[in-house]
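Okay, structure first, notes after.
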Amino acid sequence: RKEVEQDPGPFNVPEGATVAFNCTYSNSASQSFFWYRQDCRKEPKLLMSVYSSGNEDGRFTAQLNRASQYISLLIRDSKLSDSATYLCVVKRWNQGGKLIFGQGTELSVKP
Amino acid sequence: GAVVSQHPSWVICKSGTSVKIECRSLDFQATTMFWYRQFPKQSLMLMATSNEGSKATYEQGVEKDKFLINHASLTLSTLTVTSAHPEDSSFYICSARERLAGRSSYNEQFFGPGTRLTVL
Chain E
8 RKEVEQDPGP FNVPEGATVA FNCTYSNSAS QSFFWYRQDC RKEPKLLMSV YSSGNEDGRF
68 TAQLNRASQY ISLLIRDSKL SDSATYLCVV KRWNQGGKLI FGQGTELSVK P
Chain C
3 GAVVSQHPSW VICKSGTSVK IECRSLDFQA TTMFWYRQFP KQSLMLMATS NEGSKATYEQ
63 GVEKDKFLIN HASLTLSTLT VTSAHPEDSS FYICSARERL AGRSSYNEQF FGPGTRLTVL
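Going down the list, the protein sequences come from chains E and C.
Per our numbering, the very first residue in the first sequence carries number 8; after that it's consecutive.
Per our numbering, the very first residue in the second sequence carries number 3; after that it's consecutive.
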């Protein structure tokens, strides 16, 4: 079983739609959580950190449920420019800050 | 700020040759650099962690004699793929973590733009 699991998609949605991505992680020692965005043939870029209290950044809302070992990302009012692969990432502080990446969920926003 | 560069951005080579990839932190000092590999439609996989002035720590299953890592300064790490074969064709990405006071593992990693290696 992969340590970080995501639905690979692709998710094809129209502009303006709300879309939700889910992620589960298997190691309870994972200590920090993030969503990254990766465009085709580019490096991943940090989108936002994820906290148990939930956090919002504009149209993006992230949530962490430690008990269920579950992370989510909600994108409201999707834009064409949101088309990318969204990577769920966990970080292990006690292993030198090692990042464990999920496979990524591909999003395609259509006009 | 926090810019990481990689060179070359892409390389095509013949089977059996060695390829060196450079990773540089341009505007900060990086105590630690990480090397990842990403195959198509797959996640980034950490290959090794390199700390300036010491030997790299390789992840399980990564051959240290095939993937040579050197981190000789606080702004430069190199990955050399020795005797490359077609199965080594992949997207190689480095990241660098800034040298700040306190527990460094808390600090953000900044990613380079990646190097696409194709071995014929």
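The beta carbon of each residue, even a glycine, is placed where N, CA and C say it ideally should be.
Please work out which residues of its chain come closer than 6 Å, Cβ to Cβ, to E:V96, disregarding the five sequence neighbours upstream and downstream, and give them in chain order. In chain order, F41, Y43, L106, F108 place their CB closer than 6 Å to the CB of E:V96, counting only its own chain and leaving out the 5 sequence neighbours on each side.
Segments of 4+ residues assigned as alpha helix (DSSP H) that fall wholly inside the segment 24–100 of chain C: None, since the segment 24–100 of chain C contains no complete alpha helix (DSSP H) of that length.
- Please name the residues in the segment 20–39 of chain E whose beta-carbon is closer than 9 Å to at least one beta-carbon of chain C, in chain order. Answer in chain order: S39.
Given a cut-off of 8 Å, decide if C:L78 and C:E61 are closer than it, judged by their beta-carbon atoms. No; because the gap between Cβ atoms is not below 8 Å, this pair is not in contact.
Practice task
Keeping to the same chain, check which residues put their C-beta closer than 7 Å to that of E:E10; ignore five residues upstream and five downstream.
Solution key: Same-chain partners within the cutoff: Y32, S33, N34, I107.
Can you find the residues in the same chain that come closer than 6 Å, C-beta to C-beta, to C:K68, ignoring five residues on each side of it along the sequence?
Shown here for C:K68: same chain residues with a beta carbon closer than 6 Å to its own, the five before and five after excluded, namely T84 in chain order.
List the residues of chain E that C:P115 touches, going by C-beta distances under 8 Å, in chain order. Within chain E, the residues near C:P115 are K49, E50.
- Mind checking whether E:G23 and E:D84 have CB atoms under 8 Å apart? Contact: yes.
Practice item. Taking E:P21 as part of the beta strand (DSSP E), name the residues at either end of that continuous run. Key: Element bounds for E:P21: 18–21.
### Query
What residue from C:R118, C:A98, C:G116 has the CA that sits closest to C:N109's CA?
That would be C:A98, whose Cα lies nearest to the Cα of C:N109.
From this set, E:Y58, E:G103, E:L53, E:Q102, which residue's C-alpha is nearest E:A74's C-alpha? Per the Cα distances, E:Y58.
Exercise. How about E:Q76 and E:P15: are their beta carbons less than 8 Å apart?
Worked result: No. Outside cutoff.
Next on the checklist: Would C:T51 pass as an interface residue toward chain E - the criterion being a Cβ-Cβ separation below 8 Å?
Outcome noted: Yes, its Cβ sits closer than 8 Å to a Cβ of chain E.
Task: Which listed residue (C:K57, C:S75, C:G63) has its alpha carbon closest to that of C:C25 - done: The residue with the shortest Cα to Cα distance from C:C25 is C:S75.
_On the DSSP letters alone, give me the boundaries of the beta strand (DSSP E) that E:T31 sits inside._
Going by DSSP, E:T31 is part of the beta strand (DSSP E) stretching over 26–32.
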